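Participant: Going by numbering that gives the first Met the number 0, the sequence shown opens with residue 0, and the numbers climb by one from there. All C-beta atoms in this analysis are idealised placements derived from N, C-alpha and C, irrespective of residue type, glycine included. Predicted model, so just to flag it, every value in this text is computed and none were measured.
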Amino acid sequence: MKYVFIPTILMLLTTSCRKGFDKSHYHAYPTAQNANLWTQYTKEATEFTLWAPTAKGVKVNLYENGNDSQIKESHLMESSENGVWIKKLTGNLNGTYYTFQVKTDSGWLFETPGIYAQAVGVNGNRAMVLDLATTNPQGWEMDKGPKLEAPNKAIIYELHVRDMTLHPQSGAEQKGKFLGLVEQGTKGPGNIKTGIDHLQELGITHVHLLPSFDHYSIDETKLDTPQFNWGYDPKNYNVPEGSYSTDPYDASVRIKEFKQMVKSFHENGIGVILDVAYNHTGKTEESLFNQEVPGYYYRHNKDGSYSDAAACGNETASERTMMRKFMLESLLYWTKEYHIDGFRFDLMGIHDIETMNEIASALKKVNPDILLYGEGWTAKDSPLPEEKRSLKKHMQKLPQIAAFSDDIRDGLKGSVFEDLDTGFVNGGTKKEESIKFGIVGGIQHPQIDYEGVNYSKAPWTKAPWQSISYTSCHDNHTLFDKLKISNPAAGQEELIAMHKLANAIVLTSQGTPFLHAGVEFLRSKQGEHNSYNLPDSINQIDWNLKNIHQDVFTYYQNLIRLRKSHPAFSMSNAKAVNENLKFQFVADGLISYTLENSYNNDSWKEILVIYNAKKEAFRYPLKEAYKLVVYKDMFDFSGSKTIQEYIDVPPISILVAYKD
Numbered sequence: 000m001k002y003v004f005i006p007t008i009l010m011l012l013t014t015s016c017r018k019g020f021d022k023s024h025y026h027a028y029p030t031a032q033n034a035n036l037w038t039q040y041t042k043e044a045t046e047f048t049l050w051a052p053t054a055k056g057v058k059v060n061l062y063e064n065g066n067d068s069q070i071k072e073s074h075l076m077e078s079s080e081n082g083v084w085i086k087k088l089t090g091n092l093n094g095t096y097y098t099f100q101v102k103t104d105s106g107w108l109f110e111t112p113g114i115y116a117q118a119v120g121v122n123g124n125r126a127m128v129l130d131l132a133t134t135n136p137q138g139w140e141m142d143k144g145p146k147l148e149a150p151n152k153a154i155i156y157e158l159h160v161r162d163m164t165l166h167p168q169s170g171a172e173q174k175g176k177f178l179g180l181v182e183q184g185t186k187g188p189g190n191i192k193t194g195i196d197h198l199q200e201l202g203i204t205h206v207h208l209l210p211s212f213d214h215y216s217i218d219e220t221k222l223d224t225p226q227f228n229w230g231y232d233p234k235n236y237n238v239p240e241g242s243y244s245t246d247p248y249d250a251s252v253r254i255k256e257f258k259q260m261v262k263s264f265h266e267n268g269i270g271v272i273l274d275v276a277y278n279h280t281g282k283t284e285e286s287l288f289n290q291e292v293p294g295y296y297y298r299h300n301k302d303g304s305y306s307d308a309a310a311c312g313n314e315t316a317s318e319r320t321m322m323r324k325f326m327l328e329s330l331l332y333w334t335k336e337y338h339i340d341g342f343r344f345d346l347m348g349i350h351d352i353e354t355m356n357e358i359a360s361a362l363k364k365v366n367p368d369i370l371l372y373g374e375g376w377t378a379k380d381s382p383l384p385e386e387k388r389s390l391k392k393h394m395q396k397l398p399q400i401a402a403f404s405d406d407i408r409d410g411l412k413g414s415v416f417e418d419l420d421t422g423f424v425n426g427g428t429k430k431e432e433s434i435k436f437g438i439v440g441g442i443q444h445p446q447i448d449y450e451g452v453n454y455s456k457a458p459w460t461k462a463p464w465q466s467i468s469y470t471s472c473h474d475n476h477t478l479f480d481k482l483k484i485s486n487p488a489a490g491q492e493e494l495i496a497m498h499k500l501a502n503a504i505v506l507t508s509q510g511t512p513f514l515h516a517g518v519e520f521l522r523s524k525q526g527e528h529n530s531y532n533l534p535d536s537i538n539q540i541d542w543n544l545k546n547i548h549q550d551v552f553t554y555y556q557n558l559i560r561l562r563k564s565h566p567a568f569s570m571s572n573a574k575a576v577n578e579n580l581k582f583q584f585v586a587d588g589l590i591s592y593t594l595e596n597s598y599n600n601d602s603w604k605e606i607l608v609i610y611n612a613k614k615e616a617f618r619y620p621l622k623e624a625y626k627l628v629v630y631k632d633m634f635d636f637s638g639s640k641t642i643q644e645y646i647d648v649p650p651i652s653i654l655v656a657y658k659d
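#1: Within the same chain, show all residues whose beta-carbon is closer than 7 Å to that of residue 621, passing over the 5 residues directly before and after it, in chain order.
#2: Give the DSSP-derived three-state secondary structure of residue 350 in the structure shown.
#3: Would you list, in sequence order, the uninterrupted beta strand (DSSP E) runs of no fewer than 3 residues that lie entirely inside the stretch 344-423?
#4: Going by the DSSP bridge assignment, what does residue 275 pair with across the sheet?
#5: Just mark residue 670 as buried or exposed, buried being the case when its beta carbon has 16 or more other beta carbons within 10 Å.
#6: Rounding to the nearest angstrom, what Cα-Cα distance links residue 502 and residue 120 in this structure?
#7: From residue 20 to residue 284, what does the alpha carbon distance come to, in whole angstroms?
#8: When you compare the CB positions of residue 195 and residue 182, do they come within less than 9 Å of one another, or not?
#9: As an exercise, report each continuous beta strand (DSSP E) stretch of at least 3 residues that is fully enclosed by the stretch 545-607, in chain order.
#10: Count the other C-beta atoms from every protein chain shown that fall within 10 angstroms of the C-beta of residue 618, then say buried if there are 16 or more, exposed otherwise.
#11: If you measure between the beta carbons of residue 83 and residue 38, is that distance less than 9 Å?
#12: Pull the bridge partners of residue 57 from the DSSP assignment, please.
#13: Spell out a yes or no on whether the stretch 260-270 and the stretch 291-303 are touching, meaning 3 or more CB-CB pairs, one atom from each, closer than 8 Å.
#14: In the stretch 445-520, which residue ranges form an unbroken beta strand (DSSP E) of at least 3 residues, counting only runs that do not cross its ends?
#15: Ignore the nearest five residues each way along the sequence and tell me which others in residue 356's own chain have a CB closer than 7 Å to its CB.
#16: Under DSSP, the beta strand (DSSP E) around residue 618 begins and ends at which residues?
#17: Decide yes or no for the touch test of the stretch 109-124 against the stretch 56-70: beta carbon pairs closer than 8 Å, at least 3 of them.
#18: For the 8 Å Cβ check, are there 3 or more pairs between the stretch 434-446 and the stretch 459-479?
#19: CB-CB under 7 Å to residue 615, same chain, minus the five flanking residues each way: which ones, in chain order?
#20: Would you tell me roughly how many angstroms separate the C-alpha atoms of residue 368 and residue 137, rounded to the nearest one?
#21: Is the stretch 394-412 in contact with the stretch 166-180, if contact means three or more CB pairs nearer than 8 Å?
#22: Which class does residue 533 belong to by DSSP, given the choice of helix, strand or coil?
#23: Quick check on residue 6: buried or exposed, where buried means 16 or more other Cβ atoms within 10 Å of its Cβ?
#24: Exposed or buried, residue 308, counting other C-beta atoms within 10 Å across all chains shown (16 or more means buried)?
#25: So for residue 641, helix, strand or coil by DSSP?
#26: Under the three-state reduction of DSSP, which class applies to residue 188: helix, strand or coil?
#27: Where does residue 232 land, buried or exposed, given buried means 16+ other C-beta within 10 angstroms?
#28: Residue 70 lies in the beta strand (DSSP E); which residues open and close that run?
#29: Between the Cα of residue 372 and the Cα atoms of 89, 588, 155, which residue gives the shortest distance?
#30: Would you kindly check if the distance between the Cβ of residue 598 and the Cβ of residue 661 is under 9 Å?
#31: In this structure, how does DSSP classify residue 647 when only helix, strand and coil are distinguished?
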């Protein structure tokens, strides 16, 4: 669930932008499904295109720069087929800034860079004609992201571009920038590795970047003044955010630097996932969509007002031909032009199933290893019929896409909506079935009592990787803050034990594991649960914590090594999980299971996993001898110690053992 309360303009039904739009007739608008609506540049000429079927006229205005210059030239565009307007201008316009402007019965609307803009000047108000080939880093044509045998081989790390490097002791020179993320050799307190070196050291496979497209909330002309926002207020969907570049005034710079960042991640074996918010726009009446085709791209209530399933003032209508076309082509553009390895869909439940399946099919053809996942819910109700929504409970109808599992998230630590609620690791009771449900990745499994699962009373995935296993993300409290708030009497040692056990379960589950940046050294946001626009002091990664909690970092590092070394922890399909994962002893505060039959040629024939959430040790009987791998903080991957008859599982911990 998103808690991004973006101020929206008072939505008056009588505004000029709304006037002329009859929502009962949107389906009768001529659509240009096969038209090329991207600005097409050559050295000889540039063709400008806009779909505006209700326009009385359209013009393209040319400018010297993207900020404060006056109109240099203005050209009326010519009406073509299916609501498309076209203007071809001869000459080499590379570097020329431009806007579109639509005329309605009420007069000329605001200028826009066009919803298909690929390059924009400061604050995204004007587009720029650009030879995109000039923005490619050296060797770009050979650049590729990581290969994946199955989506749950990925270990995803969610970060915010600014957070990661802004701290005074991050060691980065380009603090808060795309390039800062990939500076190598950066050191923090105690000579610890930071930035991309830290990510490599940790062992994750993919970074998930919070919205990095151009958004409204940051004033790029005032970057000397600290400004923070998660970025879920989209403006230009097809352009990187200017505040993360070294020069937001030059439209080419953010593109070059974003590509360089992607290439550097790839060279270090790390994929790049973009967090995208096609479900709503940052503004409503003034949005770029509404300045081109008033009302069309949005859903409306019966009274004509904007529906608001996003809780941000509006929701887009993915089921409409031209919105579906826009989403699909935008995602393909990021995949091809920027070599992106995956997308996380904000409030994916707002999008219709047909559109999401069409997107998945098209993207997989370009990159078979692409990761696609999203929030399987809405923030509020929607006019889109529930059976058409891309909700968590409908994931079996979305076979190439994954969704976040709030079942395991809240089962582990308690509800994100109730501060004092507790889960399996921090004193909650009757959470075992929810955890078991998360362990198998939300599939049908004969040993799960679905009535005992907290939210889902039936399996919702076809394959285990469709369940994104996580304890925390940018939303709500950090894991450490949630544990501390819900267990006020717990000491630091006990909180750390709970913390480690929570993500030990995530990293040994069959779902796709997802980690929140900084969780590996007890990141805190000082108890804040909704930091979307709070100061850097709350949001930045404090690299002192890695120095202080190097033992916790090492623990996470070893958990990731364990998962990556043993394919039994990431089975690719439900049949494999049903045949090879068997729950053993389960009681209040204790779950054990075995992974059998050397799945996928695992070097361990059978793996025993025990989670003890109790505050006291548990004597676990053993029918056969095992080699001990994980015990307290110890990871002995060679299994030098044999256990038999019984083992005392320490309080609030995971134990892993194996048989050859």
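Facilitator: Per the coordinate set shown:
#1: 642, 643, 644, 645, 646
#2: coil
#3: 370-373, 401-403
#4: 344
#5: The question about residue 670 has no answer, for the chain in this structure spans 0 to 659.
#6: 42 Å
#7: For residue 20, the pLDDT reaches just 43, beneath the cut-off of 50, and the residue's location in the model is therefore unreliable, leaving the point undetermined.
#8: yes
#9: 580-586, 589-594
#10: exposed
#11: no
#12: 101
#13: no
#14: 466-468, 511-515
#15: 397
#16: 617-620
#17: yes
#18: yes
#19: 650
#20: 24 Å
#21: no
#22: coil
#23: At residue 6 the pLDDT is 35, less than 50, meaning the model places this residue with poor confidence; the figure from the coordinates comes in the next sentence. With fewer than 16 other Cβ atoms within 10 Å, it is exposed.
#24: buried
#25: strand
#26: helix
#27: buried
#28: 70-75
#29: 155
#30: No answer is possible for residue 661: the residues shown for the chain start at 0 and end at 659.
#31: strand
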